[in-house]
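Sequential numbering of the sequence shown, starting at 1, is according to this note's numbering.
C-beta: ideal position from N, C-alpha, C; glycine also.
Please read these numbers as outputs of a predicted model, since none were measured by experiment.
To start, the structure itself, in structure tokens.
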Amino acid sequence: MYNAHMSPAPTASPSSPPPRSDSVRVWSIALLAFLIGLLLSGSIMLLYETKRQNLRRQAVTDLTIKAAHDIQEQLNRSLSSTYALAAVIRQGNGRIDNFQELAKEMLELYPGLSALQLVPGGVITEIFPLQGNEKAIGLNLLDKSNTNKEALSALRHGSLTLAGPFELVQGGLALMGRLPVYVKGAEGQKRFWGFTAAMIRLEAFFDTLQLHRTLSADFNYRISRIKPDTGTLDLFWKQGGELTRPVSQKIVIPNGEWNLSVEPVGGWYQWRVLLAEGGVVLVLSTLAALTAYWLARQPVVLRRMVEERTREFSEINDRLKSEVVERRHAEEALQASDLKLRSIFASLTEVILVLDAEGRYLEIAPTSTKKLYLPPDELLGKKIPDLFPKEQADLFVSTIGKALAAGTTVTVDYSLNIEGEEVWFTGNVTPMPGGRVIWSAHDITQRKRAEEERLKLEKQMLHAQKLESLGVLAGGIAHDFNNILTVIVGNTDLALMRLTPDSPAVENLRRIEMAATRASDLAHQMLAYSGKGHFITEELDLNRLVEEMGHMLSVSVSKKARLSYHLSRPLPAVTADATQIRQVLMNLVINASEAIGDQNGVITVSTGCVQCTESRLDGGWLSDPVQPGPYVYLEVSDTGCGMDRDTMAKIFEPFFTTKFTGRGLGMAAVLGIVRGHLGAIRVQSEPGRGSTFRVVLPAGDAPARLRYAESESGENWRGSGTVLLIDDEDNIRALGSEMLGELGFQVVSAADGREGMEIFCSRNDIVLVLLDLTMPQMDGEQCLRELRRIDPRVRVVMSSGFSEHEVSGKFLGKGISGFVQKPYKLSALREVLSSLNLESSPPRR
1 MYNAHMSPAP TASPSSPPPR SDSVRVWSIA LLAFLIGLLL SGSIMLLYET KRQNLRRQAV
61 TDLTIKAAHD IQEQLNRSLS STYALAAVIR QGNGRIDNFQ ELAKEMLELY PGLSALQLVP
121 GGVITEIFPL QGNEKAIGLN LLDKSNTNKE ALSALRHGSL TLAGPFELVQ GGLALMGRLP
181 VYVKGAEGQK RFWGFTAAMI RLEAFFDTLQ LHRTLSADFN YRISRIKPDT GTLDLFWKQG
241 GELTRPVSQK IVIPNGEWNL SVEPVGGWYQ WRVLLAEGGV VLVLSTLAAL TAYWLARQPV
301 VLRRMVEERT REFSEINDRL KSEVVERRHA EEALQASDLK LRSIFASLTE VILVLDAEGR
361 YLEIAPTSTK KLYLPPDELL GKKIPDLFPK EQADLFVSTI GKALAAGTTV TVDYSLNIEG
421 EEVWFTGNVT PMPGGRVIWS AHDITQRKRA EEERLKLEKQ MLHAQKLESL GVLAGGIAHD
481 FNNILTVIVG NTDLALMRLT PDSPAVENLR RIEMAATRAS DLAHQMLAYS GKGHFITEEL
541 DLNRLVEEMG HMLSVSVSKK ARLSYHLSRP LPAVTADATQ IRQVLMNLVI NASEAIGDQN
601 GVITVSTGCV QCTESRLDGG WLSDPVQPGP YVYLEVSDTG CGMDRDTMAK IFEPFFTTKF
661 TGRGLGMAAV LGIVRGHLGA IRVQSEPGRG STFRVVLPAG DAPARLRYAE SESGENWRGS
721 GTVLLIDDED NIRALGSEML GELGFQVVSA ADGREGMEIF CSRNDIVLVL LDLTMPQMDG
781 EQCLRELRRI DPRVRVVMSS GFSEHEVSGK FLGKGISGFV QKPYKLSALR EVLSSLNLES
841 SPPRR
């Protein structure tokens, strides 16, 4: 603040000219800047021009090397005619009968050749073409009176020499190449025959070479040599003017060398370019001087402006004193209001943001929530697309656009990953003036989780209902299937018993028996899926199971597919249901065969042991949580069409199939069986590279032992008395009657429980009742109850397709004497009946 008693400092008038000292200083600085700019820009231009000249000289050097190479190649090609004639002479051992024809062909083949000569003994005898060369006939090149130096050199060194250029009588310059020719003498020694010679006219040679294409009219060039006899320079070919600083390249020729020199027309420097560069230097220097003049003059102008403004500010300062007091009171009121607003925000638990139309964070309310995606200082000023994944960013930006377009609040639900946890929000986006919105978000994670839990329970209930329906269907099919298999197995057993061991039908019947046994296992599997069966696990040797299925697998795959086995031995035993593991192997092999299709391919079945750790089991295995430890693996790989990632993600889903006639249950069953055995499965595949399925099962402590057939104790046991057979299937009644007859019993049969009760009440010689569990009108359970009511001591053996475990649990304490599971063989029926000690049980009175 200025003192009121102080007078303002005297200042120069705005229109007064600057002092002379200031003008001198400004112009001095401008001149210095001009000189410095001249020096710097001139140095830069000099460096640029030097580099440009080097590049141009390098380009001319490359052209010169190429032109020299072309001349040398063309010259060698033309002189090769002498070697061709020499080869013909050696082949004829000094004779050449078709010289004229050969010479004519060579002149056409080698453009640039003017004539070919034969010089036997050094005397020219033949020339083609002869016209214009008649005087050379009979000339002896080795005669002392007119000895040819190049000919003697060729003879001395035994190699091609090149004479010239020399002027021809006909006019023009020419070259003469002479090659000494040696043939075998009478005693096999090497004998000098003479020369083959080729004359090259330089005009025709260079016309054929088309040197003007490589060295255009933009270049001056000359070709010269050093004369071997005098050592003087001989310039024999040139184009354009004189050369000052040419680029030279040597051309190697027989017994010497040429020199090709090239220089651009007008020399290396281009005066127009130099003038342009000088102009650029002057322009840059002038600009530097003008810039320095402007900068040096600014302090003078600014000083005058400061003096003028200082006087104005002293007046304004007085007015500001009163405004400062008023503003202080306003700021205190604003701070109180801001403190109140912050207290309100601190009590809120919601996220409150202010954003613009592009999604840029403008403000973040200081609420008590900790549910921000990033700290506030990392959000402010940033745009939503720069912070969030594209799909999420598009949702947020489009919601802001909808709110601004509609002019009303828009609600959106979304989730964010905050500190590794998924948090759900419901956001209300309200438009504000100026193209901004207020985004308030409330945490609804608990509500979302409750909804997800409810949906999960609904899905589980629907899935359970679906499984129950499938179970009822599977149970009914398995029951009927077991009745059919009982007839097959029983009749096969009776047929085997009645045939001699050497009968040709025995092997076929045993195969029928084996297939029926496996079909029975499948029926038990269906019962297990229906909830009415119980899997029977045992210690299995995985290698033996694979080998037993070898024949069935070979007839199940395509004829184009070849099965290969790699079984590791020995393997630890695995505790598993054999039927389930057979189903897994069969499904995997059939899938591999269908992947190969009509092409030739290989299906490889492998077994082995592997030590699984937690990290190894995390890598792409499908399973429930499994324990680390030793495992036995079963692997099926193929060379088929393979699968893409989408197919691999769905392959184990129920009802998903890529086959036209498929049902999509095979691989789902495989996964269920593997999980039921506390194992895991992994699939690796690429389109066009085949697939590999690896199943791992927990290994036992001991190695697998071979299973031996049980001894057939009691094979000769026979019973006596009357047996009441109650079953609703005619075929089973017929089969059972025949089996019981084979065991020495008399048999009466009934088609259902009511008929069985009537027969039981009408007779008193019945020692045993063989009762089916599932029948119409009166089932086995009701019939057993009535039989026990009539005679508590009655012996009842229950027959069913359900497992003994299931039936025994159902009839525990209800008085059944035994159980035989369908389908059964004669040996199984004998074993059950022999254990009842029927001889000590008198008939009912």
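Check whether residue i and residue j have beta carbons under 7 Å apart
| i | j | result |
| --- | --- | --- |
| residue 747 | residue 773 | no |
| residue 292 | residue 29 | yes |
| residue 115 | residue 199 | yes |
| residue 640 | residue 601 | yes |
| residue 427 | residue 441 | yes |
| residue 380 | residue 361 | yes |
| residue 122 | residue 141 | yes |
| residue 838 | residue 769 | no |
| residue 628 | residue 613 | yes |
| residue 537 | residue 577 | yes |
| residue 680 | residue 696 | yes |
| residue 795 | residue 762 | no |
| residue 64 | residue 262 | yes |
| residue 731 | residue 487 | yes |
| residue 693 | residue 588 | yes |
| residue 728 | residue 798 | no |
| residue 846 | residue 201 | Only positions 1 to 845 of the chain appear in this structure, which leaves residue 846 out of reach. |
| residue 168 | residue 223 | no |
| residue 410 | residue 359 | no |
In DSSP terms, what residue i is bridged to
| i | result |
| --- | --- |
| residue 364 | 353 |
| residue 415 | 424 |
| residue 192 | 182 |
| residue 399 | Paired residues: none, contrary to the question. |
| residue 634 | 607 and 695 |
| residue 779 | According to DSSP, residue 779 bridges with nothing at all. |
| residue 722 | 746 and 766 |
| residue 819 | 798 |
| residue 540 | 574 |
Helix, strand or coil at residue i according to DSSP, with G and I counted as helix
| i | result |
| --- | --- |
| residue 56 | helix |
| residue 430 | strand |
| residue 711 | Residue placement at residue 711 is flagged as unreliable, the pLDDT there being 38, under the threshold of 50; a coordinate-derived value is accordingly withheld. |
| residue 755 | helix |
| residue 825 | coil |
| residue 382 | coil |
| residue 64 | helix |
| residue 27 | helix |
| residue 681 | strand |
| residue 14 | Unreliable positioning characterises residue 14 in this predicted model, as indicated by a pLDDT of 44, which lies under 50. A coordinate reading is not provided. |
| residue 177 | strand |
| residue 652 | coil |
| residue 626 | coil |
| residue 893 | Past the edges of the chain, shown from 1 to 845, lies residue 893, and the structure says nothing about it. |
| residue 799 | strand |
| residue 644 | coil |
| residue 857 | With the chain represented from 1 up to 845, any question about residue 857 goes unanswered, as that position is not in the structure. |
| residue 410 | strand |
| residue 284 | helix |
| residue 772 | strand |
| residue 452 | helix |
So within the region 549-616, which uninterrupted alpha helix (DSSP H) runs reach at least 4 residues, ignoring any that extend past its ends?
You should have 550-556 and 578-596.
Which runs of the alpha helix (DSSP H) spanning at least 4 residues fall entirely within the region 96-168, listed in chain order?
99-109 and 149-157
When you compare the region 276-285 with the region 244-251, are there three or more beta-carbon pairs, one atom per stretch, that lie closer than 8 Å?
no
Tell me, please, whether the region 169-182 touches the region 147-158 by the rule of three or more beta-carbon pairs shorter than 8 Å.
yes
Threshold first: 3 residues or longer. Then list the beta strand (DSSP E) segments lying entirely within the region 196-272, N to C.
219-226, 233-239, 247-253 and 256-264, all fully within the region 196-272.
Indicate whether the contact test is met: 3 or more Cβ pairs, each with one atom in the region 99-106 and one in the region 184-196, closer than 8 Å.
no
Are three or more beta carbon pairs between the region 737-753 and the region 715-724 nearer than 8 Å?
Touching, yes.
Which whole runs of the beta strand (DSSP E) in the region 727-755 are 3 residues long or more, in chain order?
The region 727-755 contains these whole beta strand (DSSP E) runs: 746-750.
Would you be able to state if there are at least three C-beta pairs under 8 Å between the region 541-550 and the region 568-582?
yes
Is there contact here, the region 779-793 with the region 445-458, by at least three beta-carbon pairs under 8 Å?
no
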